[in-house]
Each structure stands twice: as structure tokens, then as C-alpha cells.
Amino acid sequence: MDFKRKKIAPAGGFSSSQTKKKKTDWDDDGPSQFEEELAFLDEVEADMAMEMNDTYSTADVLPVDKLSENISPKWLRPPLPPIDPQQDCICFHQIELDHYIGSHIPGMLGATQGPVPIIRTFGITADGNSVCCHIHGFAPYFYVPSQSGFKQEHLNEFKKELNSAVIKDMRSNKDNISQAVLAVDICMKENMYGYHGKKINPFLKITMALPRLIAPAKRLLEQGIRFGTFPVHCYQAFEANIDFEIRFMVDNDIVGCNWLELPAGKYRIRNDGDSNNDTAKKMSLAQLEVDISWADLISHPAEGEWQKIAPLRVLSFDIECAGRKGIFPEPDKDPVIQIANMVMRQGEKDPFVRNVFTLGTCASIVGSQVLCFEKEDALLKAWAEFVRIIDPDIITGYNIQNFDVPYLINRAHTLKVGNFPFLGRMRNIKSVIRDSSFQSKQMGRRENKVINTEGRVQFDLLQVLLRDYKLRSYTLNAVSFHFLQEQKEDVQHSIITDLQNGNEQTRRRLAVYCLKDAYLPLRLLEKLMCVINYMEMARVTGVPLNYLLSRGQQIKVVSQLLRQAMKQDLVMPVVKSEGGEDYTGATVIEPVKGYYDVPIATLDFSSLYPSIMMAHNLCYTTLLQSGSIDKYGLKPEEFIKTPTGDCFVKSSVRKGLLPEILENLLSARKRAKTELKKETDPFKQKVLDGRQLALKVSANSVYGFTGAQVGKLPCLEISQSVTGFGRQMIEKTKQLVESKYTLTNGYKADAKVIYGDTDSVMCKLGVQTVSEAMEIGKEAAEWVSSHFTPPIKLEFEKVYFPYLLINKKRYAGLYFSSSAKTHDKMDCKGIETVRRDNCPLVANLINTCLQKILIDRDPMGAVEHAKDVISDLLCNRIDISQLVITKELTRTADEYAGKQAHVELAERMRKRDPGSAPNLGDRVPYVIIGAAKGVAAYMKSEHKKCENLCPLCYQ
DNA sequence: CATAATACCTAA
DNA sequence: TTAGTTAGGTATTATG
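Residue numbers (the working numbering): 1090 to 2044.
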């Protein structure tokens, strides 16, 4: 008998701590692979420097406190070339845009007295110089229809103010004011109110009337939105719930991360001295700080040459703290002992700055600068200065947003390091920690800390991964393994303090570990093309980069909708959102369950919901209200009735905004794809690929937006019509396929649609080979397409052969698409193998069984295998400590009242070691500690004959 | 003990 | 001051 316990390889890249190789004596080990990699970077750099001779002059040191003698010239940005404001234009790649309340600057548009709102944007020139630009004269506003209860005395006050206004354009349009009034943006803080019958801050009154923006509102009010859902009189205000930044960007055709141009003669450069008192003093750490009026600014659409990306500086860092045994480090008690930094220019391969700040001595590390400090406060002070000198545009790391940055700020506060919390680009703005909670159906409730770093975008890799990827584990180690097949340096958390208290060699070991933790996020960012993809998303949807990480899906659609609405002279109403009835969604065709040893052709509608909206012109502005048909005397050929009974006018009467947005997105995607094919430069290819992906994702989220009942502009008539059309289409597709491909029509067999979900049908065509199935599939797709309104299109996508249909939303098959000879992959949908709430043993077992069934075509072999594994399990031949189960802990332990195993476990972990206790949203690996009732009896019974999975696995 | 309610995660 | 949708399978927990 075999008494040895079998080792089960962990599935899904998860590796429990027990399986890791333990290094007990690090001094005896040679350099790790990472150390060699670091050393290699040094060599590469030396060669480059020889060729290019690219050292920067130290003359351009930014006016911050000196960071001892360790300042390296390569930390500095390239020196600013001489600029003649009358002759030279300045172009920069804008990466952040915000606003503040400041005061008037002579020569600039806007109110001359009192506080004025100023837009501020940061960016980088093509040469890598940092720019801070103050944009003057743009005022917040929203539209108020004159008949909606706006008091006449307000209007009179407005007129008075306007008559004395300094902006001359305003005068010529003053007669519009009685028709439509532009009032304050409610997002403005401090004693300013939107118009809700409340008070209006006087300074805003005189800056409000931007004539070209009155025009559409006026027309709107005169004509009404003829076919709009929302009659004007129903709403107090239009576009009152729009963020000021978005308002500015939309009105000026600026999209997130595009290039801005300051034309020669139109801007003023700020400088440090106070010699010139009509020029404001430089307030930022940017190399170039300028003022300009909003009307003078030129925005370049992200096309052609302006698709380029400036050499942005990306800083990745990681800190280590000396925690007490078993207690999670607390910033008021536990010191920061190391901070590792990696700085890279976007588009380059390797970081050009690599260093580590250590508390206490540390032996040298080839490929990295080591900066040793005796005192912790000096270390923190120096690091903050380092950040200000490096002047990063993007700050990244792993969980920096909720751990590293707050910890550093709190620690610096405890140690009274005065200048520490100035991590942004503004000299006078302190970085403070704010708590924010964000909840959405997509991501659940998420508590976050927010730290302001003006001009620098925080790009916490953990947050990116939580948003974009569904993973079994989100530890840096697991993530690195999953994407890079690489792991962290092997240092247990518990020994960090011991390493710190050791000698310069042990601290060196810790420093290498810390460096790798700063390096890995950079590598991951690169591998996953996060920066490029996010920038393309910002450009496509028009929102600033930081919105993409801090806000939800809706703002992206709102931004596009506003832009399109402006083109058609329409304004967006404000609706109060209230939860209501759910509407019917898609159809899932009842599956004919079974194992199919014949090819199954799969036909899909490509971008089903967007194409429905385009085909039928579904939009807010085309929806007809009950009674409108008679009221406007519409002829039957001028409108359609959707399956849900809602009516929309055809595009011949009025073209909808949503269809237009979708057409633009999809045609831009087509363009990007063709450009991608032509492009040979791998960097540009990445950009284009990121772009086409962003375009696809944006198109698909438009439907969701219309159905979001707690949202900015829900319209269930649209969303339910879309799903209604979808249901009709999949049903019709099934009928068409089954009626044409029949024996009587001369085909080999009667075709049968055995399954379908939302936009796809799986067809058994009665043919024996993959290539036949492909051929008929293609023909069928084309033929069926001809029965629908363009651009709706059914496409042949793939053949499954063989195909195992277990249930609705649960199937597996070998996927043939690129070739009829060999399968591309084994495709599993909804089965345990793709779910993250199973123990890996189950996932592995089922995966192996599926392979036996589909690849080896040996179902009985699969049964035998399952029996063997269950037998091993029941006879205790599997090391139970390897049987790791992971489950999502999405609620606080209290809410569960200790009723689920993983919650119980979380509580025990907290008791034993509060430091390692799981937090909200963490995944908790745990082992079986007791079997359920009935398992013992089950084990005693004839489990050898059991063909089902052992309940143990599920316990 | 049977059934309903709920949690979780996925398909599209 | 902010949040994309519905359909649906499977396991676990609550309830009579």
C-alpha cells in the first residue's frame, strides 16, 4: 500500500506558501535571477550612454531642497529650450485636467474681480518637458428653461450684471438671456450654488453668458425637442449635473490625453521672480508654467501625427515597514525602512532610474543606486524630494493607493517631516488622504483612500487589475506569475524586521526584494499595455485619464453623448434617477443537452446591441411619446414600432445621437484595424490595438447606459426595445436556419439549432467534417444576414467538434476557427474549470475529464479518472493540506455572522494575527477543517462506484 | 426533510 | 455625491 501522500499541483497559477522553496540562509545563495537582470540593465545603459552621450546638465535643477550629494543628473528632465512667446507655439500631451478657484490675471479672459474658476492642465512636450497650463475665462453654467419656475427677479439681476460685463460678446447676445439663462455649475464648491431656487454667487453671474452656448438652448426652447423623450418643461435644468472639467472639454473639443497647442503670441510664461507684477508667480514644479485664455487654446484631435504619446515619466515604487511580530504595520508606530524606486519613460523598454532608499547601511547592489539614511525622517524627506525632482507624470506600484502612499503620509506626519506631503506638481497644495467609497453593481462596494497629487496620475496596478481582470488571486506574486511567469523575491513577511535588524547584507537582501516589488508593477504595466490602453480609452471617450480609474462606466457615455448632442444643437436634460421595474433581457434557447460527436457550427451576431440601435435608429431623441404620432401627424413610413411597443422615428425624420455615436465608434474601429494591419512599428501597433479595443468596449457600453436605472440618463424604452429586437432576431435566426437547411431542400440532413444565447446559435447541420460545417456555416450566416436591416450582420464564427452541452450557459468543445484541420483551443463556458469558486482539485479533475472526453474522445476514460481521484480522496491518499479552496469574501465578516466557512476562517485569522487578516474583497485561501454531515456515511458507502464528484470537494 | 431564499459567479 | 444590463446555473442557508 502506498502511504505516501500525493502532491497535487495547484491550479490556476495559485501557489500556496507551503509549496514555495524556503530559503533559510540567504547569505549562502548566489545572486538571484532578478539581481542578474538588474546588473544587466546597468550594462545596457552604459552602452547607450556611450553611443548617445546623453547626460543632462545640472543647471536645470528644480527649486526644491537639495537631496544631499546623491542627486543623479539623469533624474532631471531634459533642460527647457529657450522659448520666445511671440514666435514659438507650445504643444504638449495633456495628461490631467482639473480646476481651481483663483483670481484674474491681466490680459486673460474672464471676470476681473473676485474669485474666478480656472482650468488647470498638466502635460508633457514631445521633448519631455513638463508643462502646467492655466486656462482662463471659462465659466461654469447650465441651461435653465425660462418657464420652469426660474424667478423673474433673478433674470433682471442677470441682465444688469450682463450689461456691465467685460466680455463684449455677451452684450450682443443679451436678448437671449430672457429666453435661456446659463447658471452656475453645481459642482463648484464654496459658497456657490446651482440654480435650484437657491442663491447664486454673484461672480458667476457675470461670467456665465458664453454666447455660442446660449444659442442651442434658445433654439431648444423655441422648438422643443420635437421627438425627444423629455419635454422641456419637465425639467428644471439641462446639463446641470455635468462636471466642470467635462463641460470644458466637451465645449472645446478636448478629449482626455490629447495634444494641446498654445499658439505663439497668445500665452504668457510664468517665472519664479516677482519682477513682473502683471504676470502671476510660478506655482507649480513644472518646467514650464503658462497662462492662456480658453478661446486661444487649440486642441488637436488624436489623429495622424497627434496620435503620438509624449515620453511620460512613470515612477513605480514600493515601501517596506518594520512591523511588530504578527501585527500589520501601523504608521504611528512602525517605521518605514526601505523605499525602492524605478522610473521609466513611456515607450522605452527599461527603467532609467533604479534606486532604493534604506534605513541603515546596505551593501551595494549592481544595477541599482543605494541611498542609505541614518534617520527615518531624513529618508522620508529625501524620498519626497526625489519624487519632486523626478517629476513623474504617472505614479504606479502595487496597492500604493490604499497602502504605500497613505502609510508614507501618515508616517511623515507622525515624524513631523514638514515638507513631505507635497507630492503633486503644485507647490502650495498639500497631499491629503481622503476616504471614499464607491459602489457599483459591476464592482461591488469598494472602500478606497484618495490622495491628491495634482498633475500626476496615480495608476495603482492593483486597481487596474481589479477593474480589468477576473483573477483567482490578486497578490503581486500571483499576478506576476500569471502574466509574467515570474515571482517575487523570496522573503517572508515575518522576517522583514529581522532582516532590517541584521547587518548590511541582510538589509541588502531586503532591498533586492523591495526593488523587485517596484520593478514588477512596471513590467506588468508594460506587458498589459495599461498606459496605452487607458490613454486610448480616454481619447476615444473624451474623459480625463484619472476618471477611468476613479469613476464608473457611465461618465464615458455621458461624455460622448454631450459631444454628439452639441453637434446637433441639443442639450441633455437632468433626470432624477429612481429605481423601477426591471425589463426583459435576452433569450437563452433551451439547450438540447448532450455529447455531440459531430461538428457544431456557431453563428454570432457581431456587436448585436449596437447594431440594433443603429439599424432602428433608437435614441433619446427619436423616441416618440404616446400621442406624439397624432400630434405631429407622422405617417406610418416615418416611424417604427419596436417589439416592446415603443415607437421611434426613422433616421429620415431625425437621426438619433446614439446611432451616430455608435457609427463613429465602429467606423473608427474599422479604420484602426486597417491601420493596424499596415503598421509595422510594434509600438504604434500596440497603440492602434489599444484603440480598436477601446472603441469596441465603448460601443458595447452604450446599451448598458440606457438601461442603468440609477444613472445620468436612463431610458428603458431604448434598452427594452434593444433586447426585444434581440429576442426576435435569435428566434428568427433559428427558424431560418432550420427551415432552409433541410433534407427536402437537398441538404444532407435537417439542421437543428441545439442551443443559443442572446446573439448566437449553435447549429447541428448534419455534416461530418469541420470544413463542411464551416462552409455551410458561412453561407448560412450570409443568407440569414440578408433578412435583417443593415448593419445587423450574422457571422460564422467557429465550429465546435466535439461539443459537450451540459446546460444553459454551461458547455465545452474543441474550437475550430482558423483551420479546419486542427483546433485552436478547448473552449469551456460556465463550467467549474472557469469559475473561481471551486477548489483547484475540482477544477483540475473536471479539466482532465473534459480533455479525455473532447480530445481523447474517451468518455469512459474520464469516468475512470474521476473515480480514481474520488477514490484517492476518500481513501485519504491525497494530502488534504494541499486542498486549497478559494472563495470571494465580498462582505464584511459581520454581515455573514460567521455562517460561512470562509467568514469563520477570516475571523480566526483575525484573532490569530490581525495583520494578515483578510480585507474586504480579498480572496481567502483555506483548507477543509471538517466535513459536512453525511460525508462520513457517504465515505463508508460504495464510493468506488460513485460517478459524481465527492461532496468533500464542495464542502 | 423538502422547498424557498440567497450568495456567488458566469454568459452574453 | 455616485453607481452599465438581464439570464441563469449551482451550492449553501433559512424556514416551515
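A virtual CB, placed ideally from N, CA and C, is assigned to each residue, including glycine.
{"Check": "Give me the residue from 1211, 1620, 1426, 1768 with the minimum Cα distance to residue 1374.", "Outcome": "1211"}
{"Check": "Taking the straight line between their C-alpha atoms, what separation do you get for residue 1442 and residue 1127?", "Outcome": "11 angstroms"}
{"Check": "In the DSSP output, what is residue 1537 paired with across the bridge?", "Outcome": "1525"}
{"Check": "Taking the continuous beta strand (DSSP E) assigned at residue 1442, which residues delimit it?", "Outcome": "1442-1448"}
{"Check": "Compare the beta carbon distance of residue 1897 and residue 1680 with 8 angstroms and say whether it is the shorter of the two.", "Outcome": "yes"}
{"Check": "What would DSSP say about residue 1194, mapped onto helix, strand or coil?", "Outcome": "coil"}
{"Check": "Around the C-beta of residue 1602, are 16 or more other C-beta atoms found within 10 angstroms, so that it is buried, or is it exposed?", "Outcome": "buried"}
{"Check": "When we look at the beta-carbon of residue 1964 and count the other beta-carbons within 10 Å, is it buried (16 or more) or exposed?", "Outcome": "exposed"}
{"Check": "Assign residue 1388 to one of three DSSP states: helix, strand, or coil.", "Outcome": "strand"}
{"Check": "I need the straight-line Cα distance from residue 1228 to residue 1636, nearest angstrom please.", "Outcome": "21 angstroms"}
{"Check": "Mind listing, in chain order, the continuous beta strand (DSSP E) runs of no fewer than 3 residues lying wholly within the segment 1658-1736?", "Outcome": "1683-1685, 1689-1694, 1728-1730"}
{"Check": "Would you mind working out which of 1192, 1135, 1215 sits nearest residue 1169, comparing C-alpha positions?", "Outcome": "1215"}
{"Check": "Taking the alpha carbon of residue 1901 as the point to measure from, which residue in 1132, 1910, 1935 has its own alpha carbon closest?", "Outcome": "1935"}
{"Check": "When DSSP labels each residue in this structure, what does residue 1482 get in the three-state scheme?", "Outcome": "coil"}
{"Check": "To the nearest angstrom, how far is the alpha carbon of residue 1795 from that of residue 1694?", "Outcome": "21 angstroms"}
{"Check": "Are the Cβ atoms of residue 1429 and residue 1607 separated by less than 8 angstroms?", "Outcome": "yes"}
{"Check": "Roughly how many angstroms separate the alpha carbons of residue 1436 and residue 1129, rounded to a whole number?", "Outcome": "19 angstroms"}
{"Check": "Rounded C-beta distance between residue 1634 and residue 1546? I'm assuming under 8 angstroms.", "Outcome": "5 angstroms"}
{"Check": "Please state whether DSSP places residue 1153 in a helix, a strand or coil.", "Outcome": "Only weak support is given to the placement of residue 1153: the predicted model assigns it a pLDDT of 37, under 50, and the value that follows is read from those uncertain coordinates. Residue 1153 falls in the coil class under three-state DSSP."}
{"Check": "So is residue 1523 buried or exposed if we call it buried at 16+ other beta carbons inside 10 Å?", "Outcome": "exposed"}
{"Check": "Using the C-alpha atoms, what's the distance from residue 1640 back to residue 1370?", "Outcome": "33 angstroms"}
{"Check": "In terms of alpha-carbon separation, which member of 1469, 1526, 1477, 1759 lies closest to residue 2085?", "Outcome": "Nothing can be reported for residue 2085: it is not among the residues displayed for the chain, which extend from 1090 to 2044."}
{"Check": "I need the straight-line Cα distance from residue 1590 to residue 1596, nearest angstrom please.", "Outcome": "8 angstroms"}
{"Check": "Express the C-alpha separation of residue 1604 and residue 1401 in angstroms, rounding to a whole number.", "Outcome": "21 angstroms"}
{"Check": "With burial defined as no fewer than 16 other Cβ atoms inside 10 Å of the residue's Cβ, what is the status of residue 1571: buried or exposed?", "Outcome": "buried"}
{"Check": "Residue 1465 to residue 1380, Cα distance in whole Å?", "Outcome": "40 angstroms"}
{"Check": "Hey, out of 1134, 1817, 1938, whose CA is closest to residue 1921's CA?", "Outcome": "1938"}
{"Check": "Does the count of Cβ pairs from the segment 1787-1801 and the segment 1694-1712 closer than 8 angstroms reach three?", "Outcome": "yes"}
{"Check": "Note down, in chain order, each residue of its chain lying with its Cβ closer than 6 angstroms to the Cβ of residue 1187, except the 5 sequence neighbours on either side.", "Outcome": "1209"}
{"Check": "Between the C-alpha atoms of residue 1330 and residue 1656, what's the straight-line distance to the nearest angstrom?", "Outcome": "19 angstroms"}
{"Check": "Classify residue 1907: buried if its beta carbon has 16 or more other beta carbons within 10 angstroms, exposed otherwise.", "Outcome": "exposed"}
{"Check": "Using CA coordinates, which residue listed in 1560, 1474, 1202 is at the minimum distance from residue 1506?", "Outcome": "1474"}
{"Check": "Beta-carbon within less than 7 angstroms of residue 1618's beta-carbon, same chain only, minus the 5 sequence neighbours each way: which residues are those?", "Outcome": "1775, 1779"}
{"Check": "Spell out a yes or no on whether the segment 1343-1363 and the segment 1385-1397 are touching, meaning 3 or more CB-CB pairs, one atom from each, closer than 8 angstroms.", "Outcome": "yes"}
{"Check": "To the nearest angstrom, how far is it from the Cα of residue 1800 to the Cα of residue 1359?", "Outcome": "42 angstroms"}
{"Check": "Tell me the DSSP secondary structure of residue 1813 in three-state form.", "Outcome": "helix"}
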